[in-house]
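When we follow my numbering, the leftmost residue of the sequence shown carries the number 6, and every step to the right adds one. Note that the Cβ used here is the ideal one computed from N, Cα and C, for glycine as well. Since the structure is predicted, the reported quantities are computational estimates derived from the model, not experimental observations.
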Amino acid sequence: MQTIASTGPSIIPESQQYGFTPNVPNLNPMGGNTLNNYLTTNHGFVQDTGINHAMARELQKLKDMISSVPGVVKPIPEIVDGSHKVSRFAPPICDAEVPKRFHIPTMKLYDGTTDPEEHIAQYRERMEINPIPEKLKEACLCKGFGSTLTGSALKWLLSLPPYSITSFANLVNLFNNQFSCSRKFERLTSDLYRITQSHNESLRDYITKFSKESLDIPNLDMATAVEAFKMGLLKDSLFYDDLVMTPCRNLDEVRTRALRFIRLEDDKRIQERQIGSSKQEKQGSSFKNNKFKSYHRNDNQNVHAVDQEEDDEDYPPISEYCFSIDNHELILAMQNLGEKARWPRKNDKPSGTKDKSKWCAYHEDFGHLTEECIALRKEIGYLLSKGHLKELLGRKKQRTQDPERIPEKAPAPPANAQVINFISGGSDICGTSFSAAKRHATEAKMDNGERPIRTSSVSEGKTITFDEDDRINIQDPHHDSLVITLFISNHFVRRILIDGGSSVNIIQLDVLKKMGIPESDITPRSSVLVGFSGETKKTLGA
Numbered sequence: 006m007q008t009i010a011s012t013g014p015s016i017i018p019e020s021q022q023y024g025f026t027p028n029v030p031n032l033n034p035m036g037g038n039t040l041n042n043y044l045t046t047n048h049g050f051v052q053d054t055g056i057n058h059a060m061a062r063e064l065q066k067l068k069d070m071i072s073s074v075p076g077v078v079k080p081i082p083e084i085v086d087g088s089h090k091v092s093r094f095a096p097p098i099c100d101a102e103v104p105k106r107f108h109i110p111t112m113k114l115y116d117g118t119t120d121p122e123e124h125i126a127q128y129r130e131r132m133e134i135n136p137i138p139e140k141l142k143e144a145c146l147c148k149g150f151g152s153t154l155t156g157s158a159l160k161w162l163l164s165l166p167p168y169s170i171t172s173f174a175n176l177v178n179l180f181n182n183q184f185s186c187s188r189k190f191e192r193l194t195s196d197l198y199r200i201t202q203s204h205n206e207s208l209r210d211y212i213t214k215f216s217k218e219s220l221d222i223p224n225l226d227m228a229t230a231v232e233a234f235k236m237g238l239l240k241d242s243l244f245y246d247d248l249v250m251t252p253c254r255n256l257d258e259v260r261t262r263a264l265r266f267i268r269l270e271d272d273k274r275i276q277e278r279q280i281g282s283s284k285q286e287k288q289g290s291s292f293k294n295n296k297f298k299s300y301h302r303n304d305n306q307n308v309h310a311v312d313q314e315e316d317d318e319d320y321p322p323i324s325e326y327c328f329s330i331d332n333h334e335l336i337l338a339m340q341n342l343g344e345k346a347r348w349p350r351k352n353d354k355p356s357g358t359k360d361k362s363k364w365c366a367y368h369e370d371f372g373h374l375t376e377e378c379i380a381l382r383k384e385i386g387y388l389l390s391k392g393h394l395k396e397l398l399g400r401k402k403q404r405t406q407d408p409e410r411i412p413e414k415a416p417a418p419p420a421n422a423q424v425i426n427f428i429s430g431g432s433d434i435c436g437t438s439f440s441a442a443k444r445h446a447t448e449a450k451m452d453n454g455e456r457p458i459r460t461s462s463v464s465e466g467k468t469i470t471f472d473e474d475d476r477i478n479i480q481d482p483h484h485d486s487l488v489i490t491l492f493i494s495n496h497f498v499r500r501i502l503i504d505g506g507s508s509v510n511i512i513q514l515d516v517l518k519k520m521g522i523p524e525s526d527i528t529p530r531s532s533v534l535v536g537f538s539g540e541t542k543k544t545l546g547a
């Protein structure tokens, strides 16, 4: 076997120069048994493994080189057996036995962002409640301090070298130096000149703000503080004039004298609030207080008025809102709100006095145009103040619609109304003619000793109610029913019979034809109607 000799100089490892060969584990940085776990700064561990300080320095350099290689994942360090025996406290403190009744104080954990001196002061005061013997007091202060730290402060404490803390004073000095950047700057009394009273700030709020700032000044000069308080007041305030004429000696006297002016300001503020609320009620705040009530107006107001009044200045025309839809679609949007929107009643005036050329979709009546309706302007202003209809505000733009969906449209303004007389059959008791019914009513009154009185026609639009008193002087049996006139689809349909003895609602085909409704628009739905005498008829639809 041939032996290949090295032509270069021989390299003797540094470990052999010191007379031993160390048992170095696998140095693969990706392996489980890594160099990071092998090295430690504990002198006892170095002696136990037989590695001297020179070898430890060389291994540390090698570890740093491996950690600096780009792309190499730094291995997770493992805890070495026996590391719990190493303490950051010196042996006198480390070997001291903590009393059994010792309790860690409950306080906010320090993370390094607040004043360190304040944390030390709170810690020492809370430790005073523990019954600790004098000879063990310093050891307990040192060992319990780590339980009040968290975050970066706790990491700093754990990074201290072993056996480096010799006393509690030494620990406090290291702690204050480490977190000195978080200390509060000492404030001077002259800093109070920066505190001033704003224009809308009350005297009560200014005194509270000034007192809070003065508490942070350790050596407060009372004369300077009083002068700074006076200079921060509004120059047109009554309290400023009072302090100029009669100066105060300390802040306590300032607060005592300010109490009279604070009461005066509070009283004026209450009076202004009451005056403002009463004025708001006079200007029509009923829209806010009567949200779900029906729409009513006073008798001296015209529901169809279009002239601008003083109380209507806060309600601009509908066109100024820049709705993205027209007025008829706006009425449909209000109908979708349900009970959140209110609807006015129609005018009580006869229909002959109304302008049939103007139609209001909000009132559903003639007399004025929709865009001129003051009641609609007020209702829109109220709904917008409650957060409704805001999604419809903005510039008019092209709206995408489903081609298969027929767009919903508001009903167009009707033309001049027509009159249809819906004639119903007569009564089995009174007869079938009008004269027979009139003669029957006369006989009913004559039986009760009354003279027949000529009655006038019923006024349009009036509410008619019946109670138990109306049943007096009525001849039984009777089939007296209520006959009314309704405005249906731009037609006045008269002589509509409301009969409590009937169980169906019937409208004749001839009436629908006169209203201009063809038979093709009738929904086919056939049902059989049976009369009292047994005859039957079928309906065309519903």
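Is it true that the stretch 268-285 meets the stretch 245-252, where meeting means three or more beta-carbon pairs spaced less than 8 Å apart? no
Beta-bridge pairing of Y115 - partner residues as DSSP gives them: In DSSP, Y115 forms a bridge with L154.
Please state whether DSSP places K630 in a helix, a strand or coil. What is shown of the chain runs 6 to 547, which leaves residue 630 out entirely.
Bridge partners for L491 per DSSP, in chain order? V498
Alpha carbon to alpha carbon, what distance is there between K542 and K518? 20 Å
Does the distance from the CB of P121 to the CB of S187 come in under 8 Å? yes
Tell me where the beta strand (DSSP E) around V535 begins and ends. 533-535
Looking at C-alpha atoms only, which residue of F184, E325, C147 is the closest neighbour of W161? Closest option to W161, Cα to Cα, is F184.
Touching or not, the stretch 96-113 and the stretch 139-150, by the rule of three or more beta carbon pairs under 8 Å? yes
Rounded separation between G237 and R209 - CA only: 13 Å
Just reading off the alpha helix (DSSP H) that K519 is part of, what are its end residues? For K519, the enclosing alpha helix (DSSP H) stretches over residues 514-519.
State the DSSP-derived secondary structure class of I98, mapped to helix, strand or coil. helix
Any idea which residues DSSP pairs G546 with across the strands? P529
For L487, collect the residues of the same chain with a Cβ closer than 6 Å to its Cβ; drop the 5 residues on either side in sequence, then sort them by chain order. I503
Please classify R382 as buried or exposed, where buried requires at least 16 neighbouring CB atoms within 10 angstroms. buried
Using alpha carbons as the reference points, say which of E218, S72, S531, Y128 lies closest to R108. Contrary to the premise, residue 108 reads as His rather than Arg in this sequence. Comparing Cα-Cα distances from H108 to each of E218, S72, S531, Y128, the minimum goes to Y128.
Quick one, which of L514, G536, S532 has its alpha-carbon nearest D526's? For D526, the closest of L514, G536, S532 by C-alpha to C-alpha distance is L514.
Beta-carbon proximity of F244 to F215, cut-off 8 Å: no
Am I right that L337 and F328 are in contact with their C-beta atoms under 8 Å? What's the rounded C-beta distance? With 8 Å as the limit, L337 and F328 do not qualify as a contact, their Cβ atoms being about 12 Å apart.
How far does the alpha helix (DSSP H) with H333 in it extend, from its first residue to its last? 332-341
Simplified DSSP assignment, three categories, for F328: DSSP places F328 in strand when its eight states are reduced to three.
Spatially closest choice to K354 from G343, G372, L398, by CA coordinates: G372
Counted within 10 angstroms of its Cβ, other Cβ atoms place S324 as buried (16 or more) or exposed: exposed
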